[in-house]
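Student: Provided herewith is a single structure, encoded as structure tokens, for subsequent inquiry.
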Amino acid sequence: MSEILCIGSVLWDIIGRSASHMRQGSDVPGRITRLPGGVAMNIAMTLARFGLRPVLLSAIGRDPEGDELVAACRGLGMETAHLYRSDDLPTDRYMAVEGANGLIAAIADAHSLEAAGDKILRPLTTGPLGHAGAPYAGCIALDGNLTRALLETIAASPAFSAADLRVAPASPGKAERLQPFVAHGRATLYVNLEEAGILCQSEFADTERAAAGLLARGARRVLVTDGGRAATEADCDACHSAVPPQVLVTRVTGAGDTFMAAHIAAERAGAGRAAALEEALQAAARYVSGEMPS
């Protein structure tokens, strides 16, 4: 029961951070790091910290960067046996610049994951994890770095019909890819306020209104965050809101992924809905403050 499938981007994060406020054209001192990253990877790392067993389904090249990344995943306690390793596609990368005033700019190069397509799902569709006749019945964390066509296939696929499906966009720029999961009413969606507005083609003043908007469009269950302001978890039966702890923000990349994973872990440990939301906000606050390791 500790196994959770993490489907989506597993790549190298190249992050430049500065303690200075930045704007377009800024040239400031700081630190540049390279760490295992990607939405699915960030979720998996947090799940592993909570004692769960993340199983990665993604595309990683057979280049030296890919071999190093797979070894790092194994060292962090993740199951890598079901990864799709390509001879032709390079290992993906993500590059971001963060200042004291938050994320300045980012570029996600997930072209290999997109090119691999449904090959990454073979363990779920043709075994050994499941198939259409005996679908996987555990928890699946899915990220929006997959193509819109593949996400539409997953939303309708019998191979996912029995799963506890948790879905998050990779970024606001890819939020529209999650429309199939709003309409099909089976998944739990994790979005921020901007992403909720994109999915609803509207603007919301707060997360409670955003959650109501998503539910009105057919979503089964949603969690909407808004940085340091109140977050909301809701379905058609109940709605819970909570304000995250106020902390000094030292990083932002990966905060939403940490929130999602911590919420899944809290519910798997038996926490009620309000308590699980509080625990997830606490974990995300520890992450952005630098207290939780990358």
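By the UniProt record's numbering, the letter at position 254 of the sequence shown is numbered 254, and the numbering carries on one by one without gaps. Backbone N, C-alpha and C define an ideal beta-carbon position, used for all residues, glycine too.
Could you please give the first and the last residue of the uninterrupted alpha helix (DSSP H) stretch that includes N42?
Tutor: As a position in the sequence shown, residue 42 is number 42, starting the count at 1. Its alpha helix (DSSP H) spans residues V39 to R49.
Student: For E98, which residues does DSSP report across the bridge?
Tutor: Taking the first residue of the sequence shown as position 1, residue 98 is located at position 98. E98 pairs with R17 and L103.
Student: Extract the residue ranges of the beta strand (DSSP E) inside the stretch 156 to 202, only unbroken runs of 3 or more that lie entirely within it.
Tutor: Fully enclosed beta strand (DSSP E) runs of 3 or longer: 164 to 168 and 188 to 192.
Student: Would S20 and G99 be called neighbours here (beta carbons separated by less than 7 Å)?
Tutor: Within the sequence shown, the letter at position 20 stands for residue 20. Within the sequence shown, the letter at position 99 stands for residue 99. Closer than 7 Å, so yes.
Student: Mind checking which residues open and close the alpha helix (DSSP H) that includes C6?
Tutor: Residue mapping note: residue 6 aligns to position 6 of the sequence shown, counting from 1. Note, C6: premise wrong, no alpha helix (DSSP H); beta strand (DSSP E) at E3 to I7.
Student: Under the three-state reduction of DSSP, which class applies to Y136: helix, strand or coil?
Tutor: Sequence index remark: in the sequence shown, residue 136 carries index 136 (1-based). Residue state, collapsed to three classes: coil.
Student: Could you tell me which of L69, E79 and A105 sits nearest to P90, measuring between CA atoms?
Tutor: In the sequence shown, the residue the question calls residue 90 occupies position 90. Nearest of L69, E79 and A105 to P90, Cα basis: L69.
Student: Can you grab the Cα-Cα spacing for the pair V288 / G133, in whole Å?
Tutor: As a working mapping, residue 288 is identified with position 288 in the sequence shown. As a working mapping, residue 133 is identified with position 133 in the sequence shown. If I take the Cα positions, the gap works out to 42 Å.
Student: Can you tell me whether E291 is helix, strand or coil according to DSSP?
Tutor: For the purposes of this step, residue 291 is taken as the residue at position 291 of the sequence shown. The answer is coil: DSSP assigns E291 none of H, G, I, E or B.
Student: What are the residues that DSSP puts in a beta bridge with A234?
Tutor: By one-based count along the sequence shown, residue 234 stands at place 234. V222 and C239.
Student: Taking the alpha carbon of E267 as the reference point, which residue from A156, E114 and A280 has its own alpha carbon closest?
Tutor: What you label residue 267 is simply residue 267 of the sequence shown in a count that begins at 1. Closest by alpha carbon: A280.
Student: Which same chain residues end up closer than 7 Å to A196 when comparing Cβ atoms and leaving out the 5 residues on each side of it in sequence?
Tutor: By 1-based counting over the sequence shown, the position of residue 196 is 196. Contacts found: F204, A210, G213, L214 and V224.
Student: Looking only at its own chain, which residues have a Cβ that is under 8 Å from the Cβ of A48, when we skip the five neighbours before and after it?
Tutor: Counting from one through the sequence shown, the residue named residue 48 turns up at place 48. Counting only Cβ-Cβ distances below 8 Å, and skipping sequence neighbours, we find P54, L76, G77 and M78.
Student: By Cβ distance, which residues of its chain are closer than 6 Å to G185, with the 5 residues on each side in sequence left out?
Tutor: Here residue 185 is taken as the residue at index 185 of the sequence shown, counted from 1. If we look at G185 and ignore the five residues flanking it on each side, its Cβ neighbours are G218 and R220.
Student: E79 bridges to which residues according to DSSP?
Tutor: Sequence index remark: in the sequence shown, residue 79 carries index 79 (1-based). V55, per the DSSP bridge assignment.
Student: In its own chain, which residues sit with a C-beta less than 8 Å from the C-beta of D118, not counting the 5 before and 5 after it?
Tutor: Numbered from its first residue, the sequence shown carries residue 118 at position 118. For D118, where only same-chain residues beyond five positions count, the Cβ hits under 8 Å are T125, L150 and T153.
Student: Taking all protein chains shown into account, decide if L113 is buried (16 or more other Cβ within 10 angstroms of its Cβ) or exposed.
Tutor: Translated into the one-based positions of the sequence shown, residue 113 becomes position 113. Per the 10 Å Cβ criterion, buried.
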